[in-house]
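If you use the working numbering, the sequence shown closes out at 916, no skipped numbers anywhere.
No residue lacks a Cβ here, since even glycine has one placed at the ideal position from N, Cα and C.
Step one of this worksheet: look at the structure below.
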Amino acid sequence: MKLRNYITRYQEFREWSETNRPEIVSDVENLGNELRHSIEAYRQ
């Protein structure tokens with residue numbers, strides 16, 4: 873399944889990023905949180 877491949881790649885990327893580029897991980901998490909808030913606001 874493509875989604876599972878995508879998730880695996882994302883996890884590998886995260887593990888690599890946490891050791892090599894921690895600022896990318898925090899940027900991606902901030903972006904994810906912003907998207908989540910936008911979606912929740914849109915639903916209301």
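Work out the CA separation of V897 and I879 for me, nearest whole Å. Taking the straight line joining both Cα atoms gives about 15 Å.
Please state whether DSSP places Q916 in a helix, a strand or coil. Residue state, collapsed to three classes: coil.
Return the first residue and the last residue of the alpha helix (DSSP H) that R876 is part of. K874 to N892 is the extent of the alpha helix (DSSP H) around R876.
Nearest-angstrom Cα distance between W888 and Y882? Cα to Cα, the separation comes out at about 10 Å.
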